[in-house]
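Participant: My questions all concern the structure below.
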Amino acid sequence: MKAYLLPLGVLMLAACGDATDKAAPEEKASVAPEASVAPAAPTKTPAVEEDYKPDPAIKPPAAPEAGIGSGDKAIPAAIQGRWALDASDCPKRPGTDLTALVIDAANLRFHESHGELARVRERGATRIVADYKFSGEGMDWDRLMILDAQDGGKVLIRRDYGEGAAAGPMRYTRCG
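Each residue of the sequence shown is one higher than the one before, counting from 1113 in the numbering used here.
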């Protein structure tokens, strides 16, 4: 029985080949003509005012200044609300909305951290430059941040300054 297995295996392998197909793979392959692809329309990213240069001599406050959260020491109403880096996070329940940012008069609430307004450096109707005291995931840190509502309040541009800050501006979409 074993004597028949080797020749039978060789015959089966030989049956797999095609005697008429001798062309090299590159000669058999056909290449479809390239489709004409229109260039993608450039996405308009709102500009962030680069006129702000943080003064390294100004250190973050040890505690929030008196009056924070009201009047000129509050985050402007145009910036307050719920925002998300990824618009698909807007309808998600709190806790599952990983890129959401909720802003009130004196607080920034992210998925796993919270920033408390500590000092207002500059403020306008749609823009604030301020120091925040952050906590989250067992850590505390200070962050200088610009929040700038644009496009009629539909877009929020955030720029962080200082150690550990994101390299560029972040673009949020207003939820709801």
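All residues carry an ideal CB built from backbone N, CA and C; glycine is no exception.
Could you tell me if Asp1245 is buried or exposed, where buried requires 16 or more neighbouring beta carbons within 10 angstroms of its beta carbon?
Facilitator: In the sequence as presented, Asp is not what sits at residue 1245; that position holds Lys. Buried.
Participant: Whose C-beta lies closer than 6 Å to the C-beta of Glu1234 among residues of the same chain, with five residues either side of it excluded?
Facilitator: Val1241
Participant: Please classify Pro1281: does DSSP put it in a helix, a strand, or coil?
Facilitator: coil
Participant: Thinking C-beta only, is Trp1195 closer than 8 Å to Tyr1284?
Facilitator: yes
Participant: Below 8 Å between beta carbons: does that hold for Gly1248 and Glu1224?
Facilitator: Between Gly1248 and Glu1224, the CB-CB gap stays under 8 Å.
Participant: Would the segment 1200-1213 count as touching the segment 1274-1281 if we require 3 or more Cβ pairs under 8 Å?
Facilitator: Short answer: they don't touch.
Participant: Looking only at its chain, what residues have a beta carbon closer than 6 Å to the beta carbon of Trp1253, apart from the 5 residues adjacent to it on each side?
Facilitator: Phe1246
Participant: Would you list the residues sitting across from His1226 in a DSSP beta bridge?
Facilitator: Answer is Arg1221 and Ser1247, bridged to His1226.
Participant: Determine the direct distance from the alpha carbon of Asp1201 to that of Leu1268, and round the result to whole angstroms.
Facilitator: Taking the straight line joining both Cα atoms gives about 15 Å.
Participant: Buried or exposed for Ala1230, going by 16 or more other Cβ atoms inside 10 Å?
Facilitator: buried
Participant: Per DSSP, what kind of secondary structure is Gly1193 in: helix, strand or coil?
Facilitator: strand
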